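Q:
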Amino acid sequence: MIRADWQTGPLQAEELAAVVAIDAAMTGHDRGAFYARRLARTLAAPARFVHVGLRRDGTIVGFVLARLTDGEFGEPDRGAALDALAIHPDHQGGGGGQALIAALLAVLERKGVARIVTEVDWEARALCGFLSASGFAPAEQLVVERPLAPGAAF
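Okay, so the sequence shown: first residue is 24 according to this note's numbering, each after it adds one.
#1: For threonine 50, is the classification buried or exposed, using 16 other Cβ atoms within 10 angstroms of its Cβ as the cut-off for buried?
#2: Check whether the region 70 to 82 touches the region 115 to 126, taking contact to mean three or more Cβ pairs, one atom from each stretch, closer than 8 Å.
#3: May I ask which residues mark the beginning and end of the beta strand (DSSP E) holding glycine 174?
#4: Below 8 Å on the Cβ atoms is my contact criterion, and I expect alanine 89 with alanine 104 to pass it. Report the Cβ-Cβ distance as a whole number of Å.
#5: Let me confirm a value: arginine 61 is counted as buried when at least 16 other C-beta atoms fall within 10 Å, else exposed. Which label applies?
#6: With H, G and I counted as helix, E and B as strand and the rest as coil, what does DSSP make of valine 130?
#7: I'd like to check one pair, histidine 111 with alanine 162: are the Cβ atoms closer than 8 Å?
#8: Looking at the structure shown, is aspartate 46 part of a helix, part of a strand, or coil, going by DSSP?
Pasting the structure below:
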């Protein structure tokens, strides 16, 4: 059940520090440089990104970031990639994640997006369960990776 005191809406540039702090509380890492680059790209091409904040009593407590895709990976339809989703540990439960996903999907539908994809660590069982409960399912694509030695080149 979604709490009545959750509010969702577009993230504001001045909320960058709060986003970085929430992400650090979730991951244990400071990814401020990633979020600063993302903000710069968003400001340069706002139609390509969707950023939704979750607020309680006017304070940002969670966020979701997505970017629009057109024809990537051989897909014919306009799509989106969910790049980041986090709710501060002190504010988890009560449907904040559901509220964020619902707000994100509403924006994406208005933009004509046909599907949304994301990648998740298989060991992140709680996140996998949340995404499944939110209507996500394993995709037909297989993501493969290859580690590179430092300084490796073709």
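All residues carry an ideal CB built from backbone N, CA and C; glycine is no exception. Bear in mind the structure is a predicted one, so any value in this text is a computation, not a measurement.
A: This is what the structure gives:
#1: Within the sequence shown, numbered from 1, the residue matching residue 50 stands at position 27. Per the 10 Å Cβ criterion, exposed.
#2: yes
#3: Position 151 of the sequence shown holds residue 174. Segment: none, glycine 174 is in no beta strand (DSSP E) and carries neither H nor E.
#4: Your numbering for residue 89 matches position 66 in the sequence shown. Your numbering for residue 104 matches position 81 in the sequence shown. Confirmed, about 6 Å.
#5: The count along the sequence shown starts at 1 and reaches residue 61 at position 38. Arginine 61 comes out buried.
#6: Within the sequence shown, the letter at position 107 stands for residue 130. Here valine 130 sits in helix by DSSP.
#7: For the purposes of this step, residue 162 is identified with residue 139 of the sequence shown, where counting begins at 1. For the purposes of this step, residue 111 is identified with residue 88 of the sequence shown, where counting begins at 1. Against a cut-off of 8 Å, the Cβ pair of histidine 111 and alanine 162 comes out as no contact.
#8: For this step, residue 46 is matched to residue 23 along the sequence shown. Correct three-state label for aspartate 46: helix.
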